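Asker: For the record, in the sequence shown the residue sitting at position 118 is 122 according to my numbering, with numbers rising by one throughout.
Using N, Cα and C, we set each Cβ at its ideal position, and we do this for glycine too.
Note that the structure is a prediction, hence the values are computed from the model and not measured.
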Amino acid sequence: MSQNDQQTPRERIEAATFWYSKAREELRARMLAVQDQIRAITEKQRPELIALVDQAANAKAELVALIESNRDVFKKPKTIQWHGVKVGLQKGKGRVEWNGSEDDIIARIEKTLDKASAKQLIDVKKKLKKDDLRDMPADVLAKLGVEVKDVGDAVVVKATDDAVDRLIKGLATDSVLGDDLAERAL
């Protein structure tokens, strides 16, 4: 008879939790090491990256000034694509400004324009508050045609220290890990 057969289910779950915890400790240590390496690489490359950003910004400013002083080149066509960059002139988008609060402008639009025109200019978003609905009495929910599903106990495995989760999500965000791999690790 193996030791596993002699353990209660609670003892087996506790043992499995121990091994899960150990695996997370190893993952955390490796993630911290990777994060340190990324930080070191970034720091080492930082001066060159800053220089390249400045170089690109200066080249763009020079290009903009050149286009500004030679607008006649872009009468027809208004834009040209060279070397993977679209250059030229385009109609400005303009800037919308108003005096007073947004609520004041909305009220004026509703007062001045017909409903169809006002609806085109005003964005109204109605959304159910699921957390509040979840707390409503069952008889009220039934009248509304709403059901709260899966209210039974659900299995939970959540580490109390979420530092590893944050590291994994950070690396997923930085594209070091893919989202699918990061989700699997969490």
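1) Exposed or buried, which one is residue 116 when buried takes at least 16 other CB atoms within 10 Å?
2) Considering only residues of the stretch 37-70, which uninterrupted alpha helix (DSSP H) runs meet the minimum length of 4 residues and lie entirely inside it, listed in chain order?
3) Specify the secondary structure class of residue 195 as computed by DSSP and reduced to three states.
4) Give me, in chain order, the residues of the same chain whose beta-carbon lies closer than 8 Å to that of residue 90; leave out the 5 immediate sequence neighbours on both sides.
5) Classify residue 128: buried if its beta carbon has 16 or more other beta carbons within 10 angstroms, exposed otherwise.
6) Does residue 102 come out as helix, strand or coil in the three-state DSSP assignment?
7) Return helix, strand or coil for residue 21, following the three-state DSSP convention.
8) State whether the stretch 6-22 contacts the stretch 147-156, with contact taken as three or more CB pairs (one from each stretch) at a distance under 8 Å.
9) Which one of 166, 110, 14 and 67 has the shortest CA to CA distance from residue 124?
10) Using only the alpha-carbon positions, how far apart do residue 131 and residue 107 sit?
11) Assign residue 144 to one of three DSSP states: helix, strand, or coil.
12) Give me the Cα-Cα distance between residue 126 and residue 113, rounded to the nearest whole angstrom.
13) Could you give the DSSP three-state label for residue 150: helix, strand or coil?
14) Classify residue 172 as buried or exposed, calling it buried when 16 or more other Cβ atoms lie within 10 Å of its own Cβ.
15) With 16 as the cutoff for other CB atoms within 10 Å, does residue 168 come out buried or exposed?
16) So, with DSSP's three-state summary, where would you put residue 85?
Answerer: So, from the data block:
1) exposed
2) none
3) Any question about residue 195 goes unanswered here, given that the chain covers just 5 to 190.
4) 83 and 84
5) exposed
6) coil
7) helix
8) no
9) 110
10) 20 Å
11) helix
12) 8 Å
13) coil
14) buried
15) buried
16) strand
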